[in-house]
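Structure record follows, encoded as structure tokens.
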Amino acid sequence: MSAGQPPIDSSEIRRLTPVLGPGYTFGSVTDKISSIVLTRPTSFGWYMGFLIAFGLTGLMTVAIGWLFTKGTGIWGINIPIGWGFAIVNFVWWIGIGHAGTLISAILFLLNQKWRTSINRFAEAMTLFAVACAGIFPLIHTGRPWMAFYMFPYPSTMGLWPQFRSPLIWDVFAVSTYGTVSLIFWFVGLIPDLATLRDHAVKRPAQIIYGMLSMGWRGSARHWHRYQSAYLLLAGLATPLVLSVHTVVSFDFAIAIVPGWHTTIFPPYFVAGAIYSGFAMVLTIAIPLRKAYGLEDFITMRHLDNMAKVMLATGLIVAYGYFFEMFLSLYSGNKFDVFLVEQRLHGPYAPFYYALILCNILMPQMLWSYRLRHNVAFLFFMSIVVNVGMWLERFVIVVISLTRDFVPSAWGRYWPTFWDWATFIGTIGMFVTLLFLFVRVLPAISIAEMRELVAETSEDKK
Amino acid sequence: MEQRSHIYGVLAEFATPEQLLEAVKKVREAGYRHIDAFTPFPVEGLYEAMGLKRNNVPLITLLGGLAGGIGGFGFQYWVNTLAYPMNIGGRPLNSWPAFIPVTFELTVLGASLCAVFGMLALNRLPHPHHPVFNVHRFKHASSDRFFLCIESNDAKFHVEECARFLHDLHAHHVTEVAND
Numbered sequence: 086m087s088a089g090q091p092p093i094d095s096s097e098i099r100r101l102t103p104v105l106g107p108g109y110t111f112g113s114v115t116d117k118i119s120s121i122v123l124t125r126p127t128s129f130g131w132y133m134g135f136l137i138a139f140g141l142t143g144l145m146t147v148a149i150g151w152l153f154t155k156g157t158g159i160w161g162i163n164i165p166i167g168w169g170f171a172i173v174n175f176v177w178w179i180g181i182g183h184a185g186t187l188i189s190a191i192l193f194l195l196n197q198k199w200r201t202s203i204n205r206f207a208e209a210m211t212l213f214a215v216a217c218a219g220i221f222p223l224i225h226t227g228r229p230w231m232a233f234y235m236f237p238y239p240s241t242m243g244l245w246p247q248f249r250s251p252l253i254w255d256v257f258a259v260s261t262y263g264t265v266s267l268i269f270w271f272v273g274l275i276p277d278l279a280t281l282r283d284h285a286v287k288r289p290a291q292i293i294y295g296m297l298s299m300g301w302r303g304s305a306r307h308w309h310r311y312q313s314a315y316l317l318l319a320g321l322a323t324p325l326v327l328s329v330h331t332v333v334s335f336d337f338a339i340a341i342v343p344g345w346h347t348t349i350f351p352p353y354f355v356a357g358a359i360y361s362g363f364a365m366v367l368t369i370a371i372p373l374r375k376a377y378g379l380e381d382f383i384t385m386r387h388l389d390n391m392a393k394v395m396l397a398t399g400l401i402v403a404y405g406y407f408f409e410m411f412l413s414l415y416s417g418n419k420f421d422v423f424l425v426e427q428r429l430h431g432p433y434a435p436f437y438y439a440l441i442l443c444n445i446l447m448p449q450m451l452w453s454y455r456l457r458h459n460v461a462f463l464f465f466m467s468i469v470v471n472v473g474m475w476l477e478r479f480v481i482v483v484i485s486l487t488r489d490f491v492p493s494a495w496g497r498y499w500p501t502f503w504d505w506a507t508f509i510g511t512i513g514m515f516v517t518l519l520f521l522f523v524r525v526l527p528a529i530s531i532a533e534m535r536e537l538v539a540e541t542s543e544d545k546k
Numbered sequence: 003m004e005q006r007s008h009i010y011g012v013l014a015e016f017a018t019p020e021q022l023l024e025a026v027k028k029v030r031e032a033g034y035r036h037i038d039a040f041t042p043f044p045v046e047g048l049y050e051a052m053g054l055k056r057n058n059v060p061l062i063t064l065l066g067g068l069a070g071g072i073g074g075f076g077f078q079y080w081v082n083t084l085a086y087p088m089n090i091g092g093r094p095l096n097s098w099p100a101f102i103p104v105t106f107e108l109t110v111l112g113a114s115l116c117a118v119f120g121m122l123a124l125n126r127l128p129h130p131h132h133p134v135f136n137v138h139r140f141k142h143a144s145s146d147r148f149f150l151c152i153e154s155n156d157a158k159f160h161v162e163e164c165a166r167f168l169h170d171l172h173a174h175h176v177t178e179v180a181n182d
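Just so you know, the protein sequences line up as chains A and B, in that order.
So the first sequence is numbered by my numbering: it starts at 86 and just counts up by one.
So the second sequence is numbered by my numbering: it starts at 3 and just counts up by one.
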């Protein structure tokens with residue numbers, strides 16, 4: 086669109102960029118999506134990507150093995166900074182997961198049609214991100230083999246967990262979130278597994294998909310109960326996703342450490358989670374649609390909408406940063422004021438400015454229609470936001486801990502090789518799981534795409 | 003006990019959801035009651051046309067949520083006041099606001115598990131084999147075809163009559179379903 090043209094109204098844009106390319110039938114969407122899994126040969130690029138990602142997963146296992154041998158001393162943490170990369174990465178990964186649930190649950194309840202072709206892999210992303218997140222709190226405990234102490238079980242010592250502690254709330258929130266995300270994802274998969282069972286030519290595939298689909302036959306009675314269950318799960322997952330990052334923010338907000346003890350944390354953590362999650366969905370969607378030729382299913386409309394959600398949540402996050410700082414200054418509390426000074430002028434100030442650049446300033450370019458429709462730019466922007474959100478977690482965790490109430494408790498934290506190895510290793514694990522996922526399961530919900538075909542053909546009438 | 007019929011029913015194939023809906027209405031009007039439809043995606047209005055009532059998944063979900071919530075709070079209450087009471091600065095043992103996050107999570111967990119497993123149980127799944135899978139063309143039920151089955155345990159069931167009736171409703175293929 087050149088600058089001289091009159092503005093296009095929104096219905097016109099919607100017509101120009103539909104949620105589904107033209108000319109698709111029930112059969113052709115089924116064939117196109119299932120063929121990615123069943124008939125398409127595994128490409129060289131897939132093997133190369135998988136190999137690299139799997140190598141990084143190996144790095145993670147080495148790093149964790151070394152950690153279990155030597156203890157947390159191999160990391161850069163030391164008193165007073167007991168929470169280093171482990172908690173930074175935990176919060177970052179959990180946040181990334183949130184967009185998957187938001188897309189699958191909240192957009193479902195709001196009846197947003199553009200959700201259909203992105204919800205499946207976004208949910209997979211949630212699961213894998215939660216898996217990566219779950220590793221960190223486990224291994225950051227000094228004796229990870231005692232981690233089961235956090236679960237309530239009738240021990241011979243008669244001990245029970247401290248239910249007044251946010252760390253125990255975290256255990257329940259994250260494990261509930263992982264479980265509900267898994268079953269939500271699996272329920273969505275059942276009809277598609279039946280499709281794969283019926284389309285598979287090779288016997289092992291028929292047996293495996295057959296067992297996983299549990300004999301789904303698309304009976305009207307089954308669909309009826311299925312839809313009830315799916316709607317209820319969406320309704321349950323919506324408050325759940327908001328609660329999970331709220332509880333994660335309680336890990337900080339319940340403590341009295343300057344910079345953490347603030348009521349703005351829950352909403353701004355949730356907004357930040359959705360922000361980083363949508364960035365990650367874009368990071369995955371853009372190469373995925375390119376590699377498998379899914380431009381008709383994941384259209385510019387999807388990318389545009391996701392960029393808009395990113396922009397909106399980014400503004401909420403910016404508001405959060407502003408008020409966090411304003412309230413610290415307005416309170417007049419000398420520790421809070423000092424912390425603001427430390428963020429702006431302390432040893433970690435470059436991180437803070439990089440965070441403002443990545444999370445607030447650069448995303449403003451998404452106001453431009455033309456840039457939102459530039460796929461390469463969107464990909465770049467999604468990486469920037471991911472980096473920015475990671476920096477936010479770093480700034481929150483590290484700066485507050487290095488500047489406690491008394492100067493004798495001040496310190497400095499720098500990550501070591503093993504910190505980086507564990508972090509990059511989890512990224513490798515995340516990518517490995519995604520590669521396996523697109524190879525063995527339909528990355529787009531086939532049953533819902535057929536529904537979309539039915540709905541869009543009705544729209545035309 | 004009645005003899006098990008060697009025919010499960012008569013299966014008709016339709017090309018569009020509209021044809022299927024129309025056929026279901028006609029079959030119901032003709033007085034058949036033991037029927038089932040098989041579709042690649044949930045077709046709006048189909049279950050009403052089949053005369054089906056509300057299902058019990060919401061009730062099971064509610065019960066699961068209540069069990070999770072009451073059980074979760076009750077458990078924390080029991081731990082903190084009876085099993086392992088700790089007096090910290092004289093604060094109340096039943097400090098209920100601190101128990102809310104776990105109570106909430108367990109409510110959601112109980113409701114979600116009950117929604118999914120309740121749905122599967124009511125649907126009698128897993129159920130790997132079913133007579134309709136004997137029909138070769140039934141594999142299209144998971145991609146682009148819509149099926150209607152009149153079951154042999156229907157009071158009015160008669161193979162030839164049903165087959166003729168379904169043919170007249172513009173079904174593409176009408177097949178007998180073997181019961182094995």
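All C-beta atoms in this analysis are idealised placements derived from N, C-alpha and C, irrespective of residue type, glycine included.
Counting only Cβ-Cβ distances below 7 Å, F382 (chain A) has no contacts in chain B at all, with the closest Cβ about 16 Å away. Per DSSP, the unbroken alpha helix (DSSP H) holding C116 (chain B) starts and ends at 102-124. Beta-bridge pairing by DSSP links E178 (chain B) to B:V12. Interface flag for F257 (chain A) against chain B is set, since a Cβ pair is found closer than 8 Å.
Contact between V173 (chain A) and R386 (chain A) does not hold, since the beta-carbon distance rounds to 35 Å and is not under 8 Å. Residues of the stretch 97-113 of chain B that bring their beta carbon within less than 8 Å of a beta carbon in chain A comprise S97, A100, F101, P103, V104, F106, E107, L108, V110, L111, A113, in sequence order. In the three-state DSSP reduction, A494 (chain A) falls in the helix class (H, G or I). From the beta-carbon of Q291 (chain A), no residue of chain B is found nearer than 8 Å; the closest lies around 10 Å away. Spatial neighbours of A285 (chain A) in its own chain (CB-CB distance under 8 Å, excluding positions within 5 residues in sequence) are listed in chain order as L123, Q291, Y294.
For M299 (chain A), the closest C-alpha among the options A:G150, A:G405, A:N390, A:D277 is that of A:D277.
Considering only beta carbons, the part of the stretch 35-57 of chain B lying closer than 8 Å to chain A consists of D38, A39, F40, T41, P42, F43, P44, V45, L48, Y49, M52, L54, N57, in chain order. In terms of Cβ geometry, A216 (chain A) and V259 (chain A) do not form a close pair [threshold 8 Å].
Using a CB distance cut-off of 8 Å, Q312 (chain A) counts as an interface residue toward chain B. With a beta-carbon spacing of about 4 Å, T115 (chain A) and S145 (chain B) fall inside the 8 Å limit used to define contacts. Contact between V12 (chain B) and I152 (chain B) is confirmed by a C-beta separation of about 5 Å, below the 8 Å threshold. Taking CB atoms only, S189 (chain A) has no neighbour in chain B less than 8 Å away. Against chain B, the beta carbon of L526 (chain A) has no neighbour under 7 Å; the closest one sits roughly 15 Å away. Our two residues, I401 (chain A) and Y353 (chain A), have alpha carbons roughly 7 Å apart in a direct line.
Taken in chain order, the complete alpha helix (DSSP H) segments of 4 or more residues contained in the stretch 334-400 of chain A are 350-376.
Its chain contains V59, I62, T63, G66 as the residues whose beta carbon lies nearer than 8 Å to that of A117 (chain B), once the 5 sequence neighbours on both sides are disregarded; these appear in chain order. Put simply, the stretch 34-42 of chain B touches the stretch 147-163 of chain B. At least three CB pairs are less than 8 Å apart. Residues of the stretch 265-278 of chain A with a Cβ closer than 9 Å to any Cβ of chain B, in chain order: V265, I268, F269, F271, V272, I275, P276, D277. What Y86 (chain B) touches in chain A, judged by beta-carbon distance under 8 Å, is G243, L244, W245, going in chain order.
Within chain B, the residues placing a beta-carbon under 8 Å from that of H307 (chain A) are N125, L127, ordered along the chain. Per DSSP, the unbroken beta strand (DSSP E) holding C151 (chain B) starts and ends at 148-153.
From the listed residues A:R524, A:A528, A:V483, the smallest Cα separation to N163 (chain A) is found for A:V483.
For the stretch 323-335 of chain A, the beta-carbon criterion of a distance under 9 Å to any beta-carbon of chain B is satisfied by P324, L325, S328, V329, T331, V332, F335. Ranked by Cα distance from E50 (chain B), the options A:R524, A:H309, A:A439, A:I371 are led by A:H309.
If you ignore the 5 residues before and after F465 (chain A), its C-beta comes within less than 7 Å of no other C-beta in its own chain. Rounded to the nearest whole angstrom, the C-alpha separation of L122 (chain B) and F135 (chain B) is 19 Å. In the structure shown, the three-state DSSP call for F43 (chain B) is coil. Residue ranges of uninterrupted alpha helix (DSSP H) with 4 or more members, entirely inside the stretch 428-498 of chain A and ordered along the chain, are 434-441, 454-457, 460-479. Judged by beta-carbon spacing, G47 (chain B) lies beyond the 8 Å limit of R30 (chain B), meaning their Cβ atoms are not closer than that value.
In the DSSP secondary-structure assignment, N163 (chain A) is bridged to A:I166.
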